[in-house]
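A.B. asks: Here's a structure for you.
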Amino acid sequence: MTVPPTTPPDDVPGGSVYGPAAEEATELFQIYEPPDGAELAAARGKSISSVGSVEVLKVEDLTVGFPTEDGLVRAVRGVSYSLHEREVLGIVGESGSGKSVSSMAVMGLLPKGARITGDISFRGTNILSMSKQEQRSLRGRKIAMIFQDPMTAMNPVYTVGFQLAEAVLSHEVMSKKAAMARAEEMLNLVGIPQPKERLNSYPHEFSGGMRQRAMIAMAVINNPDVIIADEPTTALDVTVQAQILEKLIEVKDAFNAAIVLITHDLGVVAGMAHRTLVMYAGRPVELGKTEDVFYSPRMPYTAGLLGSIPSAGETGRLRPITGAPPSLINLPDGCPFSPRCPLATDICRTVEPELAPTDAPDHLGACHHWDRLAAAPDPTAFFRTESEARR
Amino acid sequence: MSAQAVPTPSSYEHLLDVHDLVMEFPVKGGGIFRKVIGKVQAVSGVTMYLDAGETLGVVGESGCGKSTTGRAILQLHKPTSGSVTLRGKELTTMSNEDLRGVRRNLQIVFQDPYASLNPKMPVNDIIGEALKIHGLWEKDGLDRVGDLLKLVGLSPEHGNRYPHEFSGGQRQRIGIARALALEPEVLILDEPVSALDVSVQAGVVNLLEDLQDTLGLAYFFIAHDLSVIRHISDRIAVMYLGKVVETGTRDAVYNEPKHPYTVALLSAAPEADPNSERSRQRIMLTGDVPSPLNPPSGCRFRTRCWKAQDICAAEEPPPIDHGGGHLVACHFPVTDISKETASAALHAARGFSSGDPREGRQEALRRVESVESALDIAKGPVGGGGG
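Here's what the structure looks like:
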């Protein structure tokens, strides 16, 4: 198996103003960026929009339920999305919104008791109807996963090298020595210094950032088509988070993989995702190009989330969403967000809105009143008036 | 709050003054005698102050000593050396009995609202316990607790419930009500909103601001979330590996950061704005925070700093005032941020020769040097290029 070059040539800002030497160097070190903002934006814009047309992963009407003593917990209620080659799809939502559970379903990692319906197809083949054997050959090879906490995701009693090699050997017939060589190559790729020596280290000897790098190495070691990153940087400090996200994008480009990026941090999604899916109470409530979702939200929940974040320019009061997310056992009638929504009317309390195209065909929203959001100059202002009225 | 008797109106400059605070934890070896084989230097000479009614935001990455500083102020950890004074009274030498009295004035809200409330106690008891311990529980105690619950946006009827019946945001409000029961002047808030979802977090931040306005509280606000710190703080202290590297007013620190670490930290924090996120220039720090068991000599940030020179290893930079109480502990403070981005990137490139294993380090250096000449910023060593 051949490894593509670390630095894909199409990611280099073309025609550097600093002459051929600088251009050569940018190719070598992607971290360097020319100071001209406009040119930079254009170059970055180019690299972020290079999405392939082939659909690698398609999830259709996925539902997941967990039977409990108190009743069925409807963790995911009809998630549909598609993922194209080299695309980054950001899935955001608060705890309990079903974002992690839906991706665990894709990986086939849910416990036995879980009730799963719907379709998950990888390159046209339905994963859910596959045998365990077939699922296993897909998992870790074609669809890889990066977990939130690398300390618990790795086995503390085996060396990092052993665990990386194990990932290769469980899918390919290869000598142990060759697998170790490949592990070393991967550690080098993700920027771990002295990779040969580090193969013999145990996970606890790595720092948090290095462990997450090793996790990325393990995820891409089989050259996957899809990487599911579940809160990959939540446990890390900001300066390390920046390094890891940069590395993730670099690795994705090197392997032509697509990423499903699950996070609660809107900032992380803003910088990385081509498209963003917002989830609430187990359902997707908004899906669209990241810019559209952030700049012109078509679902009040998204607007509320954006308004809750303290932003640089403003020092006034924050605009929280009042109330709490509903219980997944006992959902309210109609739109699950209606009890917290400043725009809610009678129809919202009786009919649950479908995820449907709003003002743009590729910008979907699940709201009866998205046109009112579209008409407002500042969609987050609905929450402001409400919270200030309460004072 | 005004009902609180002020015992000694002696002269003191600040409400809370922390001077040269050092906190070290011994590391013991195995063996029978558990000999001390090293010490974790969690906080190494921190000086900061807090005035009445203001918010000091203390920010830094995990392990920088910000929480330890907060606990050392409360004397929950006995500081190794240094002084902490509240209203001019020294706390570090005080007896436990006297400290109890002081703690009426100095309360703490913990990060994890799940671990910091006793699951076996109903909310009324959790909040009332503080009053009972301090002998302030009277016949109308329950009404007082009900008032506190109302103050933090809960209803008094909730008092009979147990913590597990509340959501994370509500629990944090209970934690705040408990801290407020004794009508303190200073609240130490140790990551009070980190465990909460964004939409809930905003509500708690608003509550804290309202309480400050109505009760005149001073906040020692510890957090790692830069946007929350920016929103709530009047002044900010940035910590790195047990030291304060930069302090100043909020605007000074955020708009004109001078310490390379502050500059890097601010540039690394993601913002929820796709266009600015994609076009911004980031300073990528190399490596991780060194171990506090064996911190670097001189400036503790030098191992990751792109501006480091020999002097940074030899001499610890003293905090220098850049005007208006903006103290920066750096030999080469940052003046032009956009220049720094390029020079930091070059520095990272120099130390990073991997990528293609066949690419030798020499070759990498040659290429870097050619960029330097192309950029025409290579006047002497690149580290000093921007400063």
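Top to bottom, those sequences are chains Y and R. The first sequence begins at 3 in the numbering used here and counts up one residue at a time. The second sequence begins at -8 in the numbering used here and counts up one residue at a time. Here a beta-carbon is modelled for each residue, glycine too, at the ideal position from N, C-alpha and C. Keep in mind it's a predicted model, so treat the numbers as computed, not measured.
1) Who does D225(R) pair with in a DSSP beta bridge?
2) Are the CB atoms of P226(Y) and A275(Y) within a distance shorter than 8 Å?
3) Buried or exposed for P265(R), please, with buried defined as at least 16 other CB atoms from any protein chain shown within 10 angstroms of its CB.
4) What does the alpha-carbon distance come out to for the pair L184(R) and S131(Y)?
5) Within the 8 Å Cβ cut-off, does D279(R) reach chain B?
6) Quick check: what's the CA-CA separation for Y297(Y) versus Q243(Y)?
7) Is it true that the stretch 90 to 104 of chain R meets the stretch 239 to 251 of chain R, where meeting means three or more beta-carbon pairs spaced less than 8 Å apart?
8) Give the DSSP-derived three-state secondary structure of M132(Y) in the structure shown.
9) Can you give me the Cβ contacts of E354(R) inside the same chain, cut-off strictly under 6 Å, excluding the 5 residues immediately before and after it?
10) Within the 8 Å Cβ cut-off, does H250(R) reach chain Y?
11) Determine the direct distance from the alpha carbon of A333(R) to that of A23(Y), and round the result to whole angstroms.
12) If we count the other Cβ atoms within 10 Å of its Cβ and call it buried at 16 or more, is F149(Y) buried or exposed?
13) Curious, which full-length alpha helix (DSSP H) runs of at least 4 residues does the stretch 147 to 216 of chain R contain?
14) Assuming V61(Y) contacts V81(Y) under a Cβ cut-off of 8 Å, what Cβ separation, rounded to an integer in Å, is found between them?
15) DSSP puts P286(Y) in a beta bridge; with which residues?
16) Any beta-carbon of chain R closer than 8 Å to the one on A256(Y)?
17) Taking Cβ-Cβ distances below 7 Å as the criterion, which residues of the stretch 229 to 262 of chain R are in contact with chain Y?
18) Just the chain R side, please: which residues come within less than 8 Å of S97(Y) by C-beta, in chain order?
19) Kindly indicate if chain R contains any beta-carbon less than 8 Å away from that of S298(Y).
20) Determine which residues of the stretch 173 to 200 of chain R have a Cβ less than 9 Å from any Cβ of chain Y, and write them out in chain order.
21) Consult DSSP for S104(Y) and reduce its assignment to one of helix, strand or coil.
22) So, is the C-beta of L65(R) closer than 8 Å to a C-beta in chain Y?
23) Is any beta-carbon of chain Y found at less than 8 Å from that of H222(R)?
24) Determine the extent of the beta strand (DSSP E) in which S53(R) is found, giving its start and end residues.
25) Tell me the DSSP secondary structure of G22(R) in three-state form.
26) Report yes or no: is there a C-beta of chain Y within less than 8 Å of the C-beta of D116(R)?
27) Give a yes or no on whether 8 Å exceeds the smallest Cβ distance from H266(Y) to chain R.
28) Taking E252(Y) as the reference, which of G193(Y), E288(Y), E187(Y) has the closest Cα?
29) Which value, in whole angstroms, describes the spacing of the CA atoms of P70(R) and P308(R)?
30) Select from C350(Y), L268(Y), S340(Y), A181(Y) the residue whose C-alpha is nearest the C-alpha of L91(Y).
31) Using a C-beta to C-beta distance shorter than 7 Å, which residues of chain Y count as neighbours of V219(R)?
32) Alpha carbon to alpha carbon, how far is S329(R) from A43(Y)? Give it in angstroms, no decimals.
33) Can you have a look at P261(R) and say buried or exposed, based on whether 16 or more other CB atoms are within 10 angstroms of its CB?
34) Whose C-beta lies closer than 8 Å to the C-beta of E45(R) among residues of the same chain, with five residues either side of it excluded?
35) In chain order, what residues of the same chain lie with their CB nearer than 7 Å to the CB of A169(Y), ignoring the 5 residues before and after it?
36) If you reduce the DSSP assignment to three classes, tell me which class R125(Y) lands in.
C.D. replies: This is what the structure gives:
1) Beta-bridge analysis with DSSP links D225(R) to no other residue.
2) For A275(Y) and P226(Y), no; Cβs fall outside 8 Å.
3) Its Cβ being crowded by 16 or more others within 10 Å, P265(R) is buried.
4) Checking the sequence shown, residue 184(R) turns out to be Val, not Leu. Spanning the alpha carbons of V184(R) and S131(Y) requires a straight line of approximately 43 Å.
5) Any reference to chain B falls outside this structure, whose protein chains are Y and R.
6) Answer to the nearest angstrom: the Cα atoms are 24 Å apart.
7) The stretch 90 to 104 of chain R is not in contact with the stretch 239 to 251 of chain R.
8) For M132(Y), the secondary structure class from DSSP, reduced to helix, strand or coil, is coil.
9) Reliability of the predicted coordinates at E354(R) is poor, the pLDDT of 42 falling under 50, and the value obtained from them is presented with this limitation in mind. Hits under 6 Å: none found.
10) By this cut-off, H250(R) is not an interface position.
11) Because A23(Y) sits at a pLDDT of 46, beneath the cut-off of 50, its placement in the model cannot be relied upon, and the point is left open.
12) Buried is the call here.
13) With a minimum length of 4 residues, the continuous alpha helix (DSSP H) runs that stay inside the stretch 147 to 216 of chain R are 159 to 171, 189 to 206.
14) About 6 Å separates the CB atoms of V61(Y) and V81(Y); that is less than 8 Å, so the two are in contact.
15) Looking at the DSSP assignment, P286(Y) forms a beta bridge with M281(Y).
16) By the rule that beta-carbons nearer than 8 Å mark a contact, A256(Y) does not touch chain R.
17) Correct list: A255, L256, A259, A260, P261, E262.
18) Under the 8 Å cutoff, chain R gives D188.
19) For S298(Y), the answer is no, since every Cβ of chain R falls outside 8 Å of its Cβ.
20) The stretch 173 to 200 of chain R vs chain Y, Cβ under 9 Å: D188, V189, S190, V191, Q192, A193, G194, V195, V196, N197, E200.
21) Looking at S104(Y) - three-state DSSP - the assignment turns out to be helix.
22) No, L65(R) does not count as interfacial toward chain Y.
23) Yes, because at least one Cβ of chain Y sits closer than 8 Å to the Cβ of H222(R).
24) Per DSSP, S53(R) is not a residue of any beta strand (DSSP E), being assigned neither H nor E.
25) DSSP places G22(R) in coil when its eight states are reduced to three.
26) No - not a single Cβ of chain Y is within 8 Å of the one on D116(R).
27) H266(Y) has a beta carbon lying within less than 8 Å of a beta carbon in chain R.
28) In terms of CA proximity to E252(Y), G193(Y) leads the group G193(Y), E288(Y), E187(Y).
29) In a straight line, the C-alpha of P70(R) is about 23 Å away from that of P308(R).
30) When C350(Y), L268(Y), S340(Y), A181(Y) are compared, the shortest CA-CA separation from L91(Y) is found for L268(Y).
31) Correct list: P312.
32) Residue confidence is low: A43(Y) scores 43 on pLDDT, short of 50, so the model does not pin down where it sits. Its coordinate-derived value is still stated next. So the two alpha carbons sit approximately 15 Å from each other.
33) Answer is buried; the Cβ neighbour count reaches 16.
34) Non-local beta-carbon contacts of E45(R) in its own chain, meaning distances under 8 Å to residues more than five positions away in sequence, involve A209, Y210, D225, R226 in chain order.
35) Closer than 7 Å at the Cβ level, and outside the excluded window around A169(Y), lie G142, M220, I223, N224.
36) Reduced to three states, the DSSP call for R125(Y) is coil.
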